[in-house]
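Protein chains: 2
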Amino acid sequence: MQKSKRAVVLLSGGLDSSTTLAIARHAGFEIYALSFRYGQRHAAELDAAKRIAAKFGVAEHVISTIDLRAFGGSALTDSAIEVPKHRELAAMAEGIPVTYVPARNTVFLSFALAWCEVLGAFDIFIGVNALDYSGYPDCRPEYVSAFEKMSNLATKAGVEGAARFTIHAPLIELSKSEIIRRGVELGVDYGLTVTCYDPDATGAACGACDACLLRLKGFAENAIRDPARYRSSAA
Amino acid sequence: MQKSKRAVVLLSGGLDSSTTLAIARHAGFEIYALSFRYGQRHAAELDAAKRIAAKFGVAEHVISTIDLRAFGGSALTDSAIEVPKHRELAAMAEGIPVTYVPARNTVFLSFALAWCEVLGAFDIFIGVNALDYSGYPDCRPEYVSAFEKMSNLATKAGVEGAARFTIHAPLIELSKSEIIRRGVELGVDYGLTVTCYDPDATGAACGACDACLLRLKGFAENAIRDPARYRSSAA
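Here the protein sequences come in this chain order: A and B.
Residues 12 to 246 (my numbering) are what the first sequence spells out, left to right.
Residues 12 to 246 (my numbering) are what the second sequence spells out, left to right.
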């Protein structure tokens, strides 16, 4: 049997990254999952990442600790900024959300690149999405392609011409509803994933932040009940 | 008086980054110095970074902890790999040294970019050098330029067109001897800097690793005595 190619998959424990992992596995890659403890307000996401990684039998799951809080600047890491609730989809599409974490995907992809070099891997999977998160600059195809180009100049393999790095962003052109449909086909158990920006201490979702609203809409469009646990007060 | 523009300067505490900081200051920037605790074998470098930052009166000095050791793969972070000693310059120029840390500059620049976004800064200074370290892929002009391009697509400011990021690499075409000459002109106290890949517990340099040999050659070419402290056993 041919040895599988290795891929590093960025895994937050959310719906998008879990679907991305399933897609990478389905494509035949041996999976090295990478998560970050980056000053998130809550640990529920990382617990979810561990469950997903275990469920899919990844070759290795590394949780790397980095401190982006030292720089501040996002509602997801800075407790002084409030997570917005019950916004209309139109409002979400306007401007860059306060939940944007400065240069987050660039930092995450850089770590993935470092791990690739050590593993001898040339494939990185990231679950960015340009449609639902149009406000995030580092979720656009032109960004992903610029990172890929930079990777091939940054690395030993790039210099030696051994191989080319590919940054796979299989969800980039999909709607949330299409992502969920694909994930269900591939057997992703969405009950294990955490999407909410503001879960309670038990990990139950709020049902009202941008991420929850988009997720619920995606399930509704597939006429599937979202298996995630919501707070009893949630919509 | 006009308010100074802010710049993030990557500061390792070595000769190159300290000279780079002096150049950024001389150019009129208000300096935000950024160092990393990234699993170096020794703390001497970071102590040096603190001394340099204090000496130059930077606006802020952040030391960010990241764990690249989780991935292994370099003599500088993996204690199983030995630091090579007494190599000829010709041997140094061949291939990529074992002291190369996977994707290190990409990781460092990503953090600098995150801090820039929070500070509203658009200038990053990095002391990479393409001549003496031709073996490091992420020290080449084409790499720096690719990172700059990616930065302008990765960020809020890039999307909103508020300003353009510039990655300054003022040493990139200089020889070690030219770097030292420039630093001396700008008043850098090289006695504060640490260059050695393998200092002892007191911070004294070995005088035999690639970094020490290049440094000593640079001082010799300027007919200046290197004020760094070398071990008594050192060449």
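Here a beta-carbon is modelled for each residue, glycine too, at the ideal position from N, C-alpha and C.
- Tell me, to the nearest whole angstrom, how far the beta carbon of Glu-184 of chain A is from that of Ala-141 of chain A; I am working on the premise that it is less than 8 angstroms. Along the first sequence, read from residue 1 onward, the residue named residue 184 of chain A stands at position 173. Along the first sequence, read from residue 1 onward, the residue named residue 141 of chain A stands at position 130. Going by Cβ atoms, the distance from Glu-184 of chain A to Ala-141 of chain A rounds to 7 angstroms, so yes, they are a contact pair.
- Message: Just to confirm, is the Cβ distance from Asp-237 of chain B to Arg-226 of chain B under 8 angstroms?
- Response: Counted from its first residue, the second sequence places residue 237 of chain B at position 226. Counted from its first residue, the second sequence places residue 226 of chain B at position 215. Cβ atoms of Asp-237 of chain B and Arg-226 of chain B: closer than 8 angstroms.
- With C-beta atoms as the reference, is Pro-181 of chain A less than 8 angstroms away from Ile-77 of chain A? Residue numbering aside, residue 181 of chain A sits at position 170 when the first sequence is read from its first letter. Residue numbering aside, residue 77 of chain A sits at position 66 when the first sequence is read from its first letter. In this structure, Ile-77 of chain A does not lie closer than 8 angstroms to Pro-181 of chain A by Cβ.
- Option nearest Pro-259 of chain A by Cα separation, candidates B:Phe-230, B:Ala-165, B:Ala-59 and B:Leu-22: Outside the shown range of chain A (12 to 246) lies residue 259 of chain A, about which nothing can therefore be said.
- Enumerate in chain order the residues of its own chain whose CB-to-CB distance from Ala-168 of chain B is below 6 angstroms, with the five nearest sequence positions on each side excluded. Residue 168 of chain B sits at position 157 when you count from the first residue of the second sequence. Closer than 6 angstroms at Cβ, skipping near neighbours: Ala-174.
- Query: Per DSSP, which one or two residues make a beta bridge with Arg-48 of chain A?
  - Reply: As a working mapping, residue 48 of chain A is identified with position 37 in the first sequence. A:Thr-76, per the DSSP bridge assignment.
- Query: Alpha carbon to alpha carbon, what distance is there between Thr-117 of chain B and Glu-41 of chain B?
  - Reply: In the second sequence, counting from the first residue as 1, residue 41 of chain B sits at position 30. In the second sequence, counting from the first residue as 1, residue 117 of chain B sits at position 106. Their backbone Cα atoms lie some 23 angstroms apart in a straight line.
- CA-CA distance, Arg-192 of chain B and Arg-240 of chain B? As a working note, residue 192 of chain B is residue 181 in the second sequence. As a working note, residue 240 of chain B is residue 229 in the second sequence. Roughly 19 angstroms separates the two Cα atoms.
- Task: Pick helix, strand or coil for Gly-218 of chain B, following the three-state DSSP scheme.
- Result: Here residue 218 of chain B refers to the residue found at position 207 of the second sequence. In the displayed model, Gly-218 of chain B falls within coil according to three-state DSSP, outside both helix and strand.
- Could you run through the segment 152 to 177 of chain A and flag, in chain order, every residue whose CB is less than 8 angstroms away from some CB of chain B? The segment 152 to 177 of chain A vs chain B, Cβ under 8 angstroms: Glu-153, Tyr-154, Ala-157, Phe-158, Lys-160, Met-161, Ser-162, Leu-164, Ala-165, Thr-166, Lys-167, Gly-169, Val-170 and Glu-171.
- CB of Gly-214 of chain B within 8 angstroms of CB of Ala-38 of chain B, strictly: In the second sequence, residue 214 of chain B corresponds to position 203, counting from 1. In the second sequence, residue 38 of chain B corresponds to position 27, counting from 1. Taking C-beta atoms as the reference points, Gly-214 of chain B and Ala-38 of chain B fail to come closer than 8 angstroms.
- In this structure, what does DSSP give as the bridge partners for Glu-71 of chain B? Position 60 of the second sequence, counting from 1, holds the residue named residue 71 of chain B. DSSP lists B:Tyr-43 as the beta-bridge partner residues of Glu-71 of chain B.
- When the distance is taken between beta carbons, is Ile-137 of chain A closer than 8 angstroms to Ala-18 of chain A? Within the first sequence, numbered from 1, the residue matching residue 18 of chain A stands at position 7. Within the first sequence, numbered from 1, the residue matching residue 137 of chain A stands at position 126. For Ala-18 of chain A and Ile-137 of chain A, no; Cβs fall outside 8 angstroms.
- Query: Taking any Cβ of chain C, which residues in the segment 52 to 86 of chain A have a Cβ under 8 angstroms from it, in chain order?
  - Reply: Looking for chain C here will not work: the only protein chains present are A and B.
- Task: Could you please give the first and the last residue of the uninterrupted beta strand (DSSP E) stretch that includes Val-20 of chain B?
- Result: As a working note, residue 20 of chain B is residue 9 in the second sequence. First-last of the beta strand (DSSP E) with Val-20 of chain B: 17 to 21.
- What residues in the segment 119 to 139 of chain B have a beta carbon less than 7 angstroms from any beta carbon of chain A? Here the close residues are Ser-121, Phe-122, Leu-124, Ala-125, Trp-126, Glu-128 and Val-129.
- Message: Less than 6 angstroms between C-beta atoms, sequence neighbours within five positions excluded: which residues of the same chain meet that for Lys-16 of chain B?
- Response: Residue numbering aside, residue 16 of chain B sits at position 5 when the second sequence is read from its first letter. Exclusion of the five residues before and after Lys-16 of chain B leaves Phe-40 as the residues of its chain whose Cβ lies within less than 6 angstroms of its Cβ.
- Message: Here's the rule: buried if 16 or more other CB atoms are within 10 angstroms of the residue's CB, otherwise exposed. What is Gly-202 of chain B?
- Response: Indexing the second sequence from 1 puts residue 202 of chain B at position 191. Label assigned to Gly-202 of chain B: exposed.
- Task: Consult DSSP for Asp-149 of chain A and reduce its assignment to one of helix, strand or coil.
- Result: What you label residue 149 of chain A is simply residue 138 of the first sequence in a count that begins at 1. DSSP places Asp-149 of chain A in helix when its eight states are reduced to three.
- Query: Pro-113 of chain B touches chain A at which residues, Cβ-Cβ below 9 angstroms?
  - Reply: Numbered from 1 along the second sequence, position 102 holds the residue referred to as residue 113 of chain B. Within 9 angstroms Cβ-Cβ: Leu-124, Ala-125, Trp-126, Cys-127, Glu-128, Val-129, Thr-166 and Lys-167.
- Query: Going straight from the alpha carbon of Cys-207 of chain B to that of Cys-127 of chain B, what length do you get?
  - Reply: Indexing the second sequence from 1 puts residue 207 of chain B at position 196. Indexing the second sequence from 1 puts residue 127 of chain B at position 116. When only Cα atoms are considered, Cys-207 of chain B and Cys-127 of chain B end up about 30 angstroms apart.
- Query: Looking at the C-beta of Asp-149 of chain A, does it have a partner C-beta in chain B at a distance below 8 angstroms?
  - Reply: Counting from 1 along the first sequence, the entry for residue 149 of chain A is found at position 138. At least one chain B Cβ lies under 8 angstroms of Asp-149 of chain A.
- Message: Can you give me the C-alpha to C-alpha distance between Ser-75 of chain B and Arg-48 of chain A, rounded to a whole angstrom?
- Response: In the second sequence, residue 75 of chain B corresponds to position 64, counting from 1. In the first sequence, residue 48 of chain A corresponds to position 37, counting from 1. Going by the C-alpha atoms only, they are around 14 angstroms apart.
- According to DSSP, is Phe-82 of chain A helix, strand or coil? The sequence position of residue 82 of chain A within the first sequence is 71, counting from 1. If DSSP states are grouped into helix, strand and coil, Phe-82 of chain A belongs with the helices.
- Task: Could you check which residue in B:Ala-70, B:Gly-218 and B:Ile-178 has the C-alpha nearest to that of Lys-14 of chain B?
- Result: Counted from its first residue, the second sequence places residue 14 of chain B at position 3. When each option's Cα is compared against that of Lys-14 of chain B, the closest is B:Ala-70.
- Query: Secondary structure at Phe-136 of chain A, three-state DSSP: helix, strand or coil?
  - Reply: Against the first sequence, residue 136 of chain A aligns to sequence position 125. Reduced to three states, the DSSP call for Phe-136 of chain A is strand.
- Task: Evaluate Gly-68 of chain B with the Cβ neighbour count: other Cβ atoms within 10 Å of its Cβ, from every protein chain shown; 16 or more gives buried, anything less gives exposed.
- Result: The residue given as residue 68 of chain B occupies position 57 in the second sequence. Burial call: exposed.
- Cβ shell of Lys-228 of chain A (< 7 angstroms), same chain only, five flanking positions each side left out: The residue labelled residue 228 of chain A in the question sits at position 217 within the first sequence. Taking Lys-228 of chain A as the centre and dropping the five residues before and after it, the same chain places the C-beta of Lys-187 closer than 7 angstroms to its C-beta, in chain order.
- Query: If we cut at 8 angstroms on Cβ distances, does Leu-227 of chain A have a partner in chain B?
  - Reply: Taking the first residue of the first sequence as 1, we reach residue 227 of chain A at position 216. It does not; no Cβ of chain B falls within 8 angstroms.
- Query: What residue from B:Ser-243, B:Ala-44, B:Val-205 and B:Met-161 has the CA that sits closest to Ser-156 of chain A's CA?
  - Reply: Working through the first sequence from its first residue, we reach residue 156 of chain A at position 145. Of the candidates B:Ser-243, B:Ala-44, B:Val-205 and B:Met-161, the residue whose Cα lies closest to the Cα of Ser-156 of chain A is B:Met-161.
- Item | CB of Leu-26 of chain B within 8 angstroms of CB of Ile-63 of chain B, strictly | Looking up residue 26 of chain B in the second sequence gives position 15. Looking up residue 63 of chain B in the second sequence gives position 52. Their beta carbons are not under 8 angstroms apart, which means Leu-26 of chain B does not touch Ile-63 of chain B by this criterion.
- Message: Suppose you measure from the CA of Val-123 of chain B to the CA of Glu-232 of chain B; what does that come to, to the nearest Å?
- Response: Position 112 of the second sequence holds residue 123 of chain B. Position 221 of the second sequence holds residue 232 of chain B. The amino acid occupying residue 123 of chain B in the given sequence is Ala; Val does not appear at that position. Computed Cα separation, rounded: 33 angstroms.
- Item | Under 8 angstroms by beta carbon: chain A residues contacting Thr-30 of chain B | The residue you call residue 30 of chain B lines up with position 19 of the second sequence. Taking the beta carbon of Thr-30 of chain B as reference, no residue of chain A falls within 8 angstroms; the closest one sits roughly 23 angstroms away.
- Task: Name the two residues that bound the continuous beta strand (DSSP E) containing Ile-34 of chain A.
- Result: Here residue 34 of chain A corresponds to residue number 23 of the first sequence, with the count starting at 1. Where Ile-34 of chain A is concerned, there is no enclosing beta strand (DSSP E), although the alpha helix (DSSP H) it sits in stretches over 26 to 37.
- Verify whether the separation of the beta carbon atoms of Glu-153 of chain A and Ile-178 of chain A is less than 8 angstroms. To locate residue 153 of chain A, count along the first sequence from 1; it is residue 142. To locate residue 178 of chain A, count along the first sequence from 1; it is residue 167. Cβ atoms of Glu-153 of chain A and Ile-178 of chain A: not closer than 8 angstroms.
- Message: Can you pull the chain B neighbours of Thr-206 of chain A, defined as C-beta to C-beta under 8 angstroms?
- Response: Residue 206 of chain A sits at position 195 when you count from the first residue of the first sequence. Contact of Thr-206 of chain A with chain B by beta-carbon distance below 8 angstroms is absent, the smallest such distance being about 23 angstroms.
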